[in-house]
Amino acid sequence: ALLSARLNLVMVGPVPIEQARYAAPELICHGQQVGECKRGLASVAPSVLVIGDSHAAQLNYFFDQAGSEQGIAYRVLTASSCVPIPGFDVERLPEYAQLACREQIIAVKQALATMDKVIVAGMWQYQMPNPAFVKALQRFLDDAASAHKQVVIMGQVPMFRSDVQRVRRFRELGLPAGLAFNEEWRVANTQVERLAAGRPGVQYVDFSRSGFFADAPYEHGELIYQDTHHLNEIGARRYGHFAGEQLKRLFDQTQSSVSLKQ
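Using our numbering, the first residue of the sequence shown is number 3, and each one after it goes up by one.
Dropping the structure here:
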């Protein structure tokens with residue numbers, strides 16, 4: 003086994019940094035405040051607030067790409083395992099994550115005072131089984147509707163049971179490697195879609211069955227995942243290029259509630 007590990011390292015090499023993370027952690031507002039928490043086009047003010055857990059944090063470079071192409075800036079506020087909305091059940095988080103979650107909930111509340119367009123992304127298979135979270139999300143959406151805000155909820159990206167870096171190593175060595183999906187995200191996405199349906203100003207978008215993820219964890223031969231359920235920097239930017247225009251269209255639509263599935 004030791005010889006095999008050494009051979010793998012020599013023949014394949016270490017994981018490039020852009021494949022090993024979804025963003026430079028010191029430059030994003032994930033459980034912290036860094037500058038304006040702004041992504042996208044540098045020359046315009048943020049017009050869309052993006053909130054969620056690490057599944058929203060992984061989209062920082064997504065929104066850089068989408069924003070630069072669409073002429074938009076986004077403000078991205080996230081926290082580990084935490085969707086920072088009022089009423090989020092902070093106590094179920096590990097103790098080390100609770101303070102950052104509470105602080106981001108306050109930051110989101112302040113941002114909502116001046117922003118009318120909101121994108122919510124999350125690891126729904128982790129969040130939706132919790133009744134307290136579902137109740138908090140329902141209340142958040144109702145309050146947003148009362149305040150005449152537009153909300154787009156993004157479906158969770160596909161999740162795998164297999165180690166994607168192991169798959170990468172095997173592929174680069176020309177060896178077959180099995181890849182299995184974790185199916186819980188599909189169920190959770192359906193639950194979120196149902197929750198969003200019929201709510202004024204709320205739209206749900208699910209790209210998980212789109213062509214972008216057809217060969218996941220690869221896209222056009224390039225590894226786009228860093229682990230079983232997070233994109234890497236390459237994947238985040240490519241995903242932003244793929245989906246940015248469609249997200250913008252959702253906000254441009256006049257219908258009160260639309261479910262867009264690719």
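Glycine residues also receive a C-beta, built at the ideal position from the N, C-alpha and C atoms.
In this text, all values refer to a predicted model and were calculated from it rather than measured experimentally.
Can you give me the Cβ contacts of residue i inside the same chain, cut-off strictly under 7 Å, excluding the 5 residues immediately before and after it?
i: alanine 190; result: Trp126, Gln127, Met130 and Gln158
i: valine 17; result: Gln167
i: alanine 134; result: Asp91
i: serine 111; result: Going by the sequence as given, residue 111 is lysine instead of serine. Cβ neighbours of lysine 111 beyond the five flanking positions: Pro88.
i: glycine 37; result: none
i: leucine 9; result: Confidence in leucine 9 is poor, its pLDDT being 48 and thus under 50, which makes the residue's placement unreliable; the coordinate value appears in the next sentence. Counting only Cβ-Cβ distances below 7 Å, and skipping sequence neighbours, we find nothing.
i: histidine 232; result: Tyr24, Ser56 and Gln60
i: phenylalanine 142; result: Ile87 and Pro88
Using a 10 Å radius around the Cβ and a threshold of 16 neighbouring Cβ atoms, would you call residue i buried or exposed?
i: aspartate 144; result: exposed
i: glutamine 35; result: exposed
i: valine 46; result: exposed
i: lysine 137; result: exposed
i: glycine 246; result: buried
i: arginine 240; result: buried
i: proline 160; result: buried
i: glutamate 28; result: exposed
i: glutamine 255; result: exposed
i: aspartate 217; result: exposed
i: glycine 73; result: exposed
i: tyrosine 98; result: exposed
i: proline 285; result: Given that the chain is displayed from residue 3 to residue 264, the structure contains no residue 285 and the question cannot be resolved.
i: alanine 44; result: exposed
i: glycine 279; result: A query on residue 279 cannot be resolved here, the shown segment of the chain reaching from 3 to 264 and no further.
i: isoleucine 19; result: exposed
i: glycine 176; result: exposed
i: alanine 238; result: buried
Please tell me whether residue i and residue j are closer than 8 Å, where the distance is taken between their beta carbons.
i: leucine 139; j: leucine 51; result: no
i: serine 82; j: aspartate 55; result: yes
i: histidine 150; j: glycine 203; result: yes
i: glycine 42; j: glycine 15; result: no
i: alanine 123; j: leucine 181; result: no
i: tyrosine 63; j: glutamate 221; result: no
Mind reading off the beta-carbon distance from residue i to residue j? Whole number of angstroms is fine, and I expect it under 8 Å.
i: alanine 198; j: isoleucine 155; result: 5 Å
i: isoleucine 87; j: isoleucine 108; result: Isoleucine 87 to isoleucine 108, Cβ: 11 Å. No contact.
i: glycine 249; j: glutamine 21; result: A small fix is needed here, since residue 249 is leucine in this sequence, not glycine. Not quite, the Cβ-Cβ distance comes to about 25 Å (not below 8 Å), so this is no contact.
i: arginine 94; j: asparagine 132; result: 7 Å
i: tyrosine 76; j: glutamine 228; result: Not confirmed; about 21 Å, so no contact.
i: alanine 163; j: phenylalanine 183; result: The question names alanine, yet the displayed sequence has arginine at residue 163. With a Cβ gap of about 7 Å, arginine 163 and phenylalanine 183 count as contacting.
i: phenylalanine 65; j: valine 78; result: 6 Å
Please check if any C-beta of chain D sits within less than 8 Å of the C-beta of residue i.
i: serine 70; result: Of the chains in the structure shown, none is chain D; there is only one protein chain.
Given residue i, which residues of its chain have a CB within under 6 Å of its CB, disregarding the five upstream and five downstream residues?
i: threonine 80; result: His32, Gly54, Ala58 and Ala59
i: glutamine 100; result: Val92
i: alanine 146; result: Val153
i: tyrosine 206; result: Ile155, Glu195, Ala198 and Ser261
i: valine 166; result: Pro219 and Tyr227
i: tryptophan 187; result: Gln127, Gln158 and Met161
Whose C-beta lies closer than 8 Å to the C-beta of residue i among residues of the same chain, with five residues either side of it excluded?
i: leucine 4; result: Residue placement at leucine 4 cannot be trusted, given a pLDDT of 49 that sits under 50; the coordinates are not used to answer.
i: phenylalanine 253; result: Val50, Lys119, Gln152 and Val154
i: threonine 230; result: Met161, Phe162, Arg163, Ser164, Asp165, Val166 and Asn184
Of all the alpha helix (DSSP H) runs that stay within the bounds of the segment 127-195, which reach a length of 4 or more residues?
133-148 and 166-174
Report the residue ranges of all beta strand (DSSP E) runs contained in full by the segment 46-128; include only those spanning at least 3 residues, in chain order.
50-54, 75-80 and 119-123
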